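Positions in the sequence shown are counted from 1; adding 19 to them yields our numbering.
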Amino acid sequence: MMKATLPERVERVERVERVKGVCCPPSITVPPARVDASVEVLKALADPTRLQMVGVLKRSSRPVCICDFTAAFELSQPTISHHMAKLRDAGLVDVTKVGIWAYYRLAGHLEPKTRALLDVLV
């Protein structure tokens, strides 16, 4: 059996590539863990109420009590707590409990890119 010449091999590769529908497959360089973390942040910010809450925290010089959010947004305390839990799970806010009250602030350990995103959004 004769070895295929270079042009024949290139033609075969081109046929395979066309069948796949890919001319030049891209390399995936973002680590899956980073993608997952970014998706969580973006999902948390995709809700208008949560985005507004992050804006309030970003502009506040001190932690904000959950009771202040219920008054400002005219939402029930369980609803506000649900929104804050989503933001906390995404790593966007920190909470401090004082008695029965929860005080929230923007997380101090946010990555620079996340802070830059918040600067653009709120």
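A virtual CB, placed ideally from N, CA and C, is assigned to each residue, including glycine. Remember, predicted model here, so these are calculated numbers, not experimental data.
Are the CB atoms of residue i and residue j nearer to each other than 7 Å?
i: Y122; j: P82; result: yes
i: K105; j: A52; result: no
i: A126; j: V114; result: no
i: L76; j: R107; result: no
Pick helix, strand or coil for residue i, following the three-state DSSP scheme.
i: V141; result: coil
i: A91; result: helix
i: D66; result: coil
i: T48; result: coil
i: L111; result: coil
i: A135; result: helix
i: L76; result: helix
Would residue i be called buried (16 or more neighbouring beta carbons within 10 Å of its own) or exposed?
i: R69; result: buried
i: A109; result: buried
i: H102; result: buried
i: I99; result: buried
i: T133; result: buried
What whole-angstrom Cβ distance do residue i and residue j have, given they're in contact under 8 Å?
i: V73; j: V141; result: 6 Å
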